[in-house]
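For the sequence shown, our numbering gives the first residue as 38, with consecutive numbering after it.
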Amino acid sequence: MFFTAEPPEGWRRAGFCSCKTGIPAIHGGQMCAMNGERTLPSLNALRAFEAAARLRSVSLAADELHVTHGAVSRQLRGLEEELGIALFERDGRGIRPTAAGKRLLEAASGAFSQLRDCVAALRRGQHGDALVLGCPGSVLARWMIPRLQELQRDLPGLTLHLAAQEGDFTPRLDGLDAALMLGQAPWPANWRVHPLAAERIGPVFSPALPGAAALARQPAAALCERPLLHTRSRPQAWPTWAARNGIDAGELRYGTGFEHLYYLLEAAVAGLGVAIAPEPLVAGDLANGRLVAPWGFVDTEGQWALCTAGDGHPRIEALAGWLRQRLAAAT
Numbered sequence: 038m039f040f041t042a043e044p045p046e047g048w049r050r051a052g053f054c055s056c057k058t059g060i061p062a063i064h065g066g067q068m069c070a071m072n073g074e075r076t077l078p079s080l081n082a083l084r085a086f087e088a089a090a091r092l093r094s095v096s097l098a099a100d101e102l103h104v105t106h107g108a109v110s111r112q113l114r115g116l117e118e119e120l121g122i123a124l125f126e127r128d129g130r131g132i133r134p135t136a137a138g139k140r141l142l143e144a145a146s147g148a149f150s151q152l153r154d155c156v157a158a159l160r161r162g163q164h165g166d167a168l169v170l171g172c173p174g175s176v177l178a179r180w181m182i183p184r185l186q187e188l189q190r191d192l193p194g195l196t197l198h199l200a201a202q203e204g205d206f207t208p209r210l211d212g213l214d215a216a217l218m219l220g221q222a223p224w225p226a227n228w229r230v231h232p233l234a235a236e237r238i239g240p241v242f243s244p245a246l247p248g249a250a251a252l253a254r255q256p257a258a259a260l261c262e263r264p265l266l267h268t269r270s271r272p273q274a275w276p277t278w279a280a281r282n283g284i285d286a287g288e289l290r291y292g293t294g295f296e297h298l299y300y301l302l303e304a305a306v307a308g309l310g311v312a313i314a315p316e317p318l319v320a321g322d323l324a325n326g327r328l329v330a331p332w333g334f335v336d337t338e339g340q341w342a343l344c345t346a347g348d349g350h351p352r353i354e355a356l357a358g359w360l361r362q363r364l365a366a367a368t
């Protein structure tokens, strides 16, 4: 809300307002608070600092925040300039916080922790007794939603609130009671991990793909002769499959790429090419003939897991058991 009424004369004399709009004065590029003190640094700068100081790496901080290395570096540089003090020093190939940086890290970590706890409590309150379950959007769309009726039938006392998660889950699983994911050890130390099933992946394509019948009769190595559909969210899927089948990953050729696994699988169903897929996510398509998997599926080092952080929801064990049974039925 903006106010255009003229501010009190005393405010203008004190320098709290730069004009008759009532807007706080700007001094040296910084907005001044009503008491004449400078405001806090930007939240983005503090987030970048907290991640870099905790992880002792600009690159790891960038990965966690899903931004570029340069973006984090600019935030850190701007924060040091704003505060007029060095917050980091070199430590071999990494960085470490200075004494001032450690002091700010302790304060920032505590503040962000309180914010996360508050937001999580608000979300839980909003959803009542519902179990807030986070999972990747592709898993939610292609596996969880088609099975919700079964879940409601088998666990009638459980109410879910499903939240699509893009990118990595935070170490504290902020705002979630649990997360259903594909991952592998080591897991965050504060997580309680319920193993559900080994991850199995394999090539799939539509019978409508030109030359599909002939391709299905060839050995798996024939895939080296055609461009393969792939996704940025799972860059190691094709190389992992190739290694399990004695194929040199360097011989693979990549065609159209997709940002998310869901789009990759939809492209395969549409007959646009051969995709690599986790078996449970294409089980329905294989059963109804929309996709074929002539070379089967192979185990990876990953696993399906239901993960919680802190005190778990009372129905976590029941949900884990149900997920374990359904994943086993899909392989």
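Note that beta-carbon positions come from the ideal geometry of N, C-alpha and C, so glycine has one too.
- Task: Sort out for me which residues DSSP pairs residue 100 with in a bridge.
- Result: Note: residue 100 sits in no beta bridge, so no partner.
- Item | residue 236 and residue 183 closer than 8 Å at C-beta | no
- Item | Check whether residue 83 and residue 145 have beta carbons under 8 Å apart | yes
- Message: Along the chain, where does the beta strand (DSSP E) containing residue 322 start, and where does it finish?
- Response: Careful: residue 322 lies outside any beta strand (DSSP E), inside the alpha helix (DSSP H) at 316-324.
- Message: Which complete alpha helix (DSSP H) runs does the segment 231-276 hold, if anything under 4 residues is left out?
- Response: 249-253
- In this structure, does DSSP put residue 183 in helix, strand or coil? helix
- Beta-carbon separation of residue 344 and residue 176 under 8 Å? no
- Query: Using the C-alpha atoms, what's the distance from residue 234 back to residue 346?
  - Reply: 20 Å
- Message: Please state the DSSP three-state secondary structure of residue 359.
- Response: helix
- Query: Name the DSSP bridge partner or partners of residue 211?
  - Reply: Note: residue 211 sits in no beta bridge, so no partner.
- Item | Extent of the continuous alpha helix (DSSP H) to which residue 109 belongs | 106-120
- Leaving out five residues on either side along the sequence, give the residues of the same chain with a beta carbon under 8 Å from the beta carbon of residue 225. 208 and 346
- Query: If you count every other CB in all the chains shown that lies within 10 Å of the CB of residue 214, and 16 or more means buried, which is it?
  - Reply: buried
- Query: Thinking just about the alpha-carbon of each residue, which of 76, 253 and 143 is nearest to the one in residue 89?
  - Reply: 143
- Do residue 328 and residue 305 come within 8 Å of each other at the CB atom, strictly closer than that value? yes
- Query: Okay, do the segment 256-267 and the segment 354-363 touch, 3+ Cβ pairs below 8 Å being the bar?
  - Reply: no
- Query: Are at least three pairs of beta-carbons, each pair with one atom in the segment 244-253 and one in the segment 280-287, less than 8 Å apart?
  - Reply: no
- From residue 309 to residue 217, what does the alpha carbon distance come to, in whole angstroms? 29 Å
- On the three-state DSSP scale, how would you describe residue 202? strand
- Query: At a Cβ threshold of 8 Å, is residue 289 touching chain E?
  - Reply: The structure shown contains no chain E; it is built from a single protein chain.
- Task: Could you spell out where the beta strand (DSSP E) holding residue 127 opens and where it closes?
- Result: 125-128
- Query: Whole-angstrom Cβ separation of residue 168 and residue 185, contact assumed at under 8 Å?
  - Reply: Not confirmed; about 13 Å, so no contact.
- Rounded separation between residue 325 and residue 92 - CA only: 47 Å
- Task: Output the boundary residues of the alpha helix (DSSP H) element that contains residue 298.
- Result: 298-306
- For residue 351, which beta-bridge partners are listed by DSSP? None; residue 351 has no bridge partner.
- Task: Would you mind stating whether residue 202 and residue 171 have Cβ atoms separated by less than 8 Å?
- Result: yes
- Since residue 302 and residue 312 are thought to touch, with beta carbons under 8 Å apart, how far apart are those beta carbons, to the nearest angstrom? 6 Å
- Are residue 124 and residue 138 close, meaning C-beta to C-beta below 8 Å? yes
- Item | Between the CA atoms of residue 294 and residue 320 - distance to the nearest angstrom | 22 Å
- Query: Under the three-state reduction of DSSP, which class applies to residue 334: helix, strand or coil?
  - Reply: coil
- Item | For residue 91, the first and last residue of its enclosing alpha helix (DSSP H) | 80-92
- Message: Determine whether the beta carbon atoms of residue 232 and residue 342 lie at a separation below 8 Å.
- Response: yes
- Task: Using a threshold of 8 Å, state whether the C-beta atoms of residue 113 and residue 136 are closer than that.
- Result: no
- Classify residue 333 as buried or exposed, calling it buried when 16 or more other Cβ atoms lie within 10 Å of its own Cβ. exposed
- Query: With a Cβ-Cβ cutoff of 8 Å, do residue 292 and residue 266 count as a contact?
  - Reply: yes
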